[in-house]
Amino acid sequence: MDKRRICVVGAGLTGTLLAARMADAGHDVEIYDRRADLRRLDLDGGRSINLALSARGFDALDRIGIADEIRSAAVPMRGRMMHAVDGDLTFQRYGTDPAHVLMSVNRDDLNIAMLNAVDARPNITTHYGVKLVDLDPDKAEVTLEVDDETTMSRFDTVIGADGAYSAVRRALQRSQGFDFEQEFLEHGYKELTIPPNPDGSYQIEPHALHIWPRGTHMMIALPNPNGSFTCTLFWPLQGEVGFGGVDTPEAVIALFEEQFPDAVALMPDLAQDYLNNPVGSLVTIRCAPWYLGDTALILGDAAHAVVPFYGQGANAAMEDCTLLMESLAQRGDDWTAGFADFADARKPHADALAGLALANYVEMRDHVGSRRFLFMVRVKQWLHKVAPDTFTPLYTMITFTRTPYADAIARAERQDRYLHIAAAVTALVVIGVVVAVGMVLT
Ligand code: FAD
């Protein structure tokens with residue numbers, strides 16, 4: 250592969266990982282991020298925001314040598330803990346294999362470990378507080394802004410890892426034939442906290458992802474190593490049970506007493522957090538092509554942001570880096586072909602994940618509490634246990650393997666068809682036996 254001067258826009262999870270991989274492949278990399286260096290910030294007064302990492306993310310982190318460090322600082326979540334309105338708890342494991350756990354990881358700690366990995370590579374230069382304001386994608390020429398001053402720089406290739414509202418993607422949108430679609434949910438999210446007990450222990454089961462499913466909305470909570478939980482409330486943007494509904498401390502408490510009564514006692518700062526913390530939006534981005542010749546490419550959320558309900562956005566973004574490096578390695582010096590191979594192969598799987606993530610919102614907020622859902626999950630897990638090569642639940646394939654997303658969905662659909670046929674045949678046999686026995690007896 251020829252040695253290139255690469256500009257990576259964004260020092261988030263995707264940008265840092267990709268920069269490290271490009272540097273390891275021998276290229277000179279400059280990273281620009283509009284934010285300050287995370288390591289120099291007072292991180293939101295210690296408020297913890299976490300995410301669930303699984304197989305795809307850890308596999309990618311392993312390739313830059315930091316998977317074990319991240320794993321050792323994470324809290325394993327073995328299953329879902331559903332909280333009913335009457336306080337009843339139902340626990341359901343994610344899989345039959347003890348290794349099938351999600352890891353709750355502090356997002357800032359993860360990003361900082363990745364920034365340290367970047368700093369450990371001499372052929373990467375980082376620039377913080379520098380915003381990309383424009384890009385000529387044909388020439389790989391960037392316009393950067395620092396303190397209201399703009400400068401221009403030219404590279405061999407510019408890679409946009411600058412998130413769902415990507416400026417690199419905006420520049421690509423000006424090129425001919427670029428398709429773009431963004432879909433906002435009518436629900437937003439707000440982060441809240443369940444603090445630890447005074448002795449630092451957890452107030453609720455730490456090795457679970459807690460869900461308060463309420464049909465049209467839900468709250469979830471993921472554990473942090475310091476004994477706290479980060480809760481995320483997913484609510485309609487409008488309506489009485491929604492972000493438009495309450496604006497006084499008393500009204501917040503009353504609404505939570507009605508919706509999540511067992512959580513209220515766990516959240517002493519609920520009203521204050523609710524009224525102060527911002528509401529985030531939930532967007533799906535679909536676009537193509539993700540590249541222009543060998544001079545510009547987007548990946549991660551910039552190319553395919555998804556809603557967070559399958560816990561796969563960051564995992565998929567990190568897996569992008571693995572797949573891109575494989576495509577480039579196969580194509581040698583032909584970067585245009587390497588970009589095309591990566592983008593063409595990955596796009597159907599990114600679209601499949603977008604659909605899965607949207608569908609899983611309905612499943613998490615509505616179905617996870619139902620007896621039928623719990624029964625079907627148990628049946629599928631049992632089938633996987635007795636015939637692991639023949640039957641693998643969709644959730645297992647998505648979360649605990651690197652099966653490409655659309656392939657996992659296709660296989661799960663096939664398995665479901667066989668399951669329905671087997672159930673129908675079993676029902677017919679049972680009916681036949683009952684009828685035969687009845688005839689013999691009469
Ligand atoms: P980002 O994290 O958005 O990083 C983009 C970077 O680019 C930022 O540092 C930004 O400052 C910088 N930047 C932006 N514009 C510019 C510019 N013009 N110039 C310079 N720099 C710029 N995923 C999971 O896998 N598991 C989860 O449990 C999970 N939970 C989630 C919960 C919520 C509520 C949300 C909203 C998302 C969740 N995700 C989860 C998804 C995950 O957060 C994203 O997929 C991931 O952050 C994408 O990383 P990225 O580096 O591509 O983009």
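Counting from 250, one number per residue, gives the positions in the sequence shown under the working numbering. Each residue gets a CB set at the ideal place from its N, CA and C atoms; glycine is no exception.
{"Item": "W461 in three-state terms, based on DSSP", "Value": "strand"}
{"Item": "I460 classed as buried or exposed, judged by whether at least 16 other C-beta atoms fall within 10 angstroms", "Value": "buried"}
{"Item": "Beta carbon of F622 nearer than 8 Å to that of H633", "Value": "no"}
{"Item": "Rounded separation between H553 and L602 - CA only", "Value": "9 Å"}
{"Item": "Opening and closing residue of the beta strand (DSSP E) in which D383 lies", "Value": "380–385"}
{"Item": "Limits of the unbroken alpha helix (DSSP H) element including H332", "Value": "Per DSSP, H332 belongs to no alpha helix (DSSP H); it is in the beta strand (DSSP E), 328–332."}
{"Item": "Coil, strand or helix - R535 by DSSP", "Value": "strand"}
{"Item": "Residue closest to A599, alpha-carbon to alpha-carbon, out of D582, V628, T650, D656", "Value": "D656"}
{"Item": "D358 CB to nearest heavy atom of ligand 1 below 7 Å", "Value": "no"}
{"Item": "Straight-line gap, D550 to G259 (C-alpha atoms, nearest Å)", "Value": "11 Å"}
{"Item": "C-alpha gap between T675 and V617, whole angstroms", "Value": "26 Å"}
{"Item": "Where Q561 falls: helix, strand or coil (DSSP)", "Value": "coil"}
{"Item": "Outcome for R288 when other beta-carbon atoms lying within 10 angstroms are tallied against a minimum of 16", "Value": "exposed"}
{"Item": "Sequence ranges, alpha helix (DSSP H) only - wholly within the segment 464–525, length at least 4", "Value": "498–508, 510–513, 519–525"}
{"Item": "At least three beta-carbon pairs within less than 8 Å, the segment 369–377 to the segment 497–516", "Value": "no"}
{"Item": "Reference A606; option with closest CA among P325, A594, I647", "Value": "I647"}
{"Item": "Bridge partners - G687, DSSP secondary structure assignment", "Value": "None, per the DSSP bridge assignment."}
{"Item": "Where G587 falls: helix, strand or coil (DSSP)", "Value": "helix"}
{"Item": "Distance cut-off 7 Å: N564 Cβ against heavy atoms of ligand 1", "Value": "yes"}
{"Item": "Burial state of R283, where buried means 16 or more other Cβ atoms lie within 10 Å", "Value": "buried"}
{"Item": "Inter-residue Cα distance where the pair is P637 and D346", "Value": "11 Å"}
{"Item": "Length of the line joining the Cα atoms of T645 and D543", "Value": "36 Å"}
{"Item": "Cross-strand partners of C256 (DSSP beta bridge)", "Value": "E279, V407"}
{"Item": "For F340, three-class secondary structure by DSSP", "Value": "strand"}
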